[in-house]
Structure formats: structure tokens, C-alpha cells
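First up is the structure itself, then whatever we jot down about it.
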Amino acid sequence: MATEAQGEESGGLVFHPMDQFKVEPLFGGDAIAWYTPTNVTLWMGITILAVVVLLILGSSKRAIVPSRGQSIAELAYGFIYKMVEDICGKDGVKYFPYIMTLFMFIVFANFLGLLPMAFTTTSHIAVTALLALAVFFAVTILGFVLNGPAFLGLFWVKEAPLALRPVLALIEVISYFVRPVSHSIRLAGNMMAGHAVIKVFAAFAAIAAISPLSIVAITAMYGLEVLVAFIQAYVFTILTCVYLKDALHPSH
Amino acid sequence: MEGDIVQMGAYIGAGLACMGMGGAAVGVGNVAGNYLSGALRNPSAAAGQTAMLFIGIAFAEALGIFSFLVALLLMFAV
């Protein structure tokens, strides 16, 4: 989409704020096939490598007095474990590895995307949609496998008066199918919007009169983005837990 | 200043979609403010409800993100 906007006049900015989200092949050329290594591939690889290195190095020594790496790895593990246990209950702990993987991947993709010149893989709807659809299908299939047809009780609110239930069921069904949409767009939209705002201020920095102000604004926005990067990963994970809870206990 | 009227409408619509941000701001502020007022009344219960705070914020914020999506669609896809 950035290429379309480049053709038009971009409002006098030095560069278009959406240019940073352009998917480009790593080794030249223009055509992108499904097997072409692009900057998305590169940064996803770096993300996975970072997660693996942190968790393997962090858990290999098992010192009584933990090193910095071990503390971070244990902190992340404990944080997510407690979240899964609190929201899904004891029987949700079985699915902890998947949720931990999701959290670590998203949080590292978000943080690595904040490095200068880096590419934010989670700012692309294609990436987050895959993550959200995986959660959606996993939860739906799990719900039917564990509960059978009783899973449909999720849509039939027993606490409501009988006359209201069909209306509520319709709303519940719609909201159930909007879940993967909002789940994915929330992450991608937050990442994309934050990075675009930083780039807009970066383009303002080229104008001499407001450059000090815009540099301060970039710093402030960057601080906010570090916070948002973590919170969005947290929110994605916690919503996964909430959806999983629906599959495990559809009646309440 | 050239271009057709469809593009003009799309740009105006994209600008109007930014008003959705206000709605999301009201929603998120409401959630966070009510959490804070509840937490100050009963600080011992506050720690257990931070997860609910973030879930509430996420749901309120999603609708603001939808308006952002509409703006993006109007700018680049229509």
C-alpha cells in the first residue's frame, strides 16, 4: 500500500510514514513468491532465534543465584504460567506451552521492531491474522472436542429471560466470529499506528523550525511504544487465555 | 489540486473515521478511571483485577482500531 501512496504527493514530508512497512526481497529483485526470503522472513527468524537463545541459555545453568538472563527467562515463564492458571484454571495449564510460545514470539517481535532500521513483523495484518486464526481454530476445535455439542451452550445464555435468548444468541455468534478479526487487528493496528506516528515526527524533524520539538516528541513516543509493545503482547496472550477458558468451560 | 471526486470523498471519509478515536478514548478512559476509583476504595483487591482491566481496555480499544482500519481502507484500498 505504501507504493501506491508514493506516486502521489505525500503532503510535503521527506518520506512517507508507511514506507517502513514495505515487504522487500532480501536479495534484490522485485517479484515476491511464497518462497522468497524477505525482510519479514529475516526479522521473524531473528525473533525466533532471540526467544530460543534467551530461554535455552536462561534455563541451561539453573543457578541458585540467577544471572540476568535466567531471571528474565524465569520471570517470563512465571508471569505467563500464573496468567494461564488464573484465567483458565488448573485444567488450562495443559495448553500453557502454546500460550507461552505466542507471548514470547509477539513480545520479541514487538521489541525487536523498535530497534532503529528494524522491521516490525507484527505490524502486518498477514502475520497477526495467522496468529489469531490459529487461536480461533484451536479454541473452536478444542471446544467441540472437549464438550461436544454442549459447546454451543456458549451462545445460549441461560441466565437471560427466554424471550431475550435468541437475540442474545445472534449477538454472541456475531461476536464469536468477530473475535479473530479484532484479535489480529488490535495487535497489527497498534504496532502500525505507533511506528507510523514516530515516522511522521521523524519527517517533521527535517523542518528546522520544529525539529527540536519533534525530536522530543520522537523520544516520548518511543517510550510510549516500548510500553505499548509489551502491553499488546500481554493483551493478545490474555485474550487467548480468555478464549481458551470459553472452550474449557462453555457454560459459565 | 487534481483528482476525482471519489478520491476526495475517500479522503474526507478517512478524516471522519478519526472521530472513532474519540469514542475509543472515552471507553478506555472510562475503564481505567473506574478501575482506579475501585482500586482506591479497596486497594487489597486491586492486584487481582489488573487482568480484567487490560481485557476491558483491549475490548474498548478494539473499536477505535476498527475506525483506524476504516481510514486505512479508504486511503489505500478503495
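For the record, the sequence lines run as chains A and B.
Per the working numbering: the first sequence = residues 40 to 291.
Per the working numbering: the second sequence = residues 21 to 98.
Cβ coordinates follow ideal geometry from the N, Cα and C atoms, glycine included.
Considering only the beta carbon of each residue, do residue i and residue j sit closer than 9 angstroms?
i	j	result
residue 276(A)	residue 141(A)	yes
residue 295(A)	residue 224(A)	Not covered by the structure: residue 295(A). The range shown for chain A is 40 to 291.
residue 178(A)	residue 285(A)	yes
residue 33(B)	residue 97(B)	no
residue 51(B)	residue 80(B)	yes
residue 192(A)	residue 289(A)	yes
residue 56(A)	residue 242(A)	yes
residue 228(A)	residue 263(A)	no
residue 95(B)	residue 55(B)	no
residue 226(A)	residue 170(A)	yes
residue 59(A)	residue 235(A)	yes
residue 160(A)	residue 83(A)	yes
residue 115(A)	residue 139(A)	yes
residue 87(B)	residue 58(B)	no
residue 146(A)	residue 135(A)	no
residue 108(A)	residue 97(A)	yes
residue 93(A)	residue 71(A)	no
Let me make sure I understand the geometry here. Which of the options has the alpha-carbon closest to that of residue i?
i	options	result
residue 85(A)	60(A), 107(A), 103(A), 154(A)	154(A)
residue 67(A)	77(A), 61(A), 60(A)	77(A)
residue 78(B)	278(A), 287(A), 282(A), 283(A)	278(A)
residue 64(A)	242(A), 81(A), 127(A)	81(A)
residue 268(A)	83(A), 152(A), 197(A)	152(A)
residue 75(B)	287(A), 273(A), 283(A)	273(A)
residue 157(A)	238(A), 186(A), 98(A), 197(A)	238(A)
residue 195(A)	188(A), 205(A), 187(A)	205(A)
residue 68(B)	261(A), 135(A), 218(A), 121(A)	121(A)
residue 162(A)	71(A), 287(A), 61(A)	61(A)
residue 113(A)	246(A), 90(A), 218(A)	90(A)
residue 187(A)	93(A), 287(A), 251(A), 75(A)	287(A)
residue 166(A)	261(A), 280(A), 254(A), 79(A)	79(A)
residue 148(A)	95(A), 88(A), 214(A)	88(A)
Check residue i in the structure and name its three-state DSSP category.
i	result
residue 159(A)	coil
residue 56(A)	coil
residue 253(A)	helix
residue 43(A)	Reliability fails at residue 43(A), whose pLDDT of 41 lies under 50, so the model's placement of it is uncertain and the value that follows must be treated cautiously. Looking at residue 43(A) - three-state DSSP - the assignment turns out to be helix.
residue 79(B)	helix
residue 90(B)	helix
residue 194(A)	coil
residue 58(B)	helix
residue 225(A)	helix
residue 101(A)	coil
residue 219(A)	helix
residue 71(A)	coil
residue 110(A)	helix
residue 245(A)	coil
residue 84(B)	helix
residue 23(B)	coil
residue 259(A)	helix
residue 128(A)	coil
residue 288(A)	coil
residue 39(B)	coil
residue 185(A)	helix
residue 235(A)	helix
So who's on the other strand from residue i, going by DSSP bridges?
i	result
residue 77(A)	64(A)
Please check if any C-beta of chain E sits within less than 9 angstroms of the C-beta of residue i.
i	result
residue 36(B)	Given the protein chain composition of this structure (A and B), no chain E is represented.
Is residue i close to the ligand PLP? I mean its beta-carbon at under 8 angstroms from any heavy atom of the ligand.
i	result
residue 56(B)	Ligands displayed in this structure: none; no statement on the ligand PLP is therefore possible.
Looking at chain A, which residues of the segment 55 to 77 of chain B have a Cβ within less than 7 angstroms of any of its Cβ atoms? 71, 74, 75
Determine which residues of the segment 225 to 249 of chain A have a Cβ less than 8 angstroms from any Cβ of chain B, and write them out in chain order. 225, 228, 229, 232
By the 9 angstroms beta-carbon criterion, what residues does the segment 272 to 291 of chain A contribute toward chain B? 273, 274, 275, 277, 278, 280, 281
Taking a Cβ distance cut-off of 9 angstroms, strictly less, list which residues of the segment 106 to 126 of chain A are near chain B, in chain order. 122, 125, 126
Tell me which residues of the segment 199 to 225 of chain A have at least one Cβ-Cβ distance to chain B shorter than 7 angstroms, keeping chain order. 221, 224, 225
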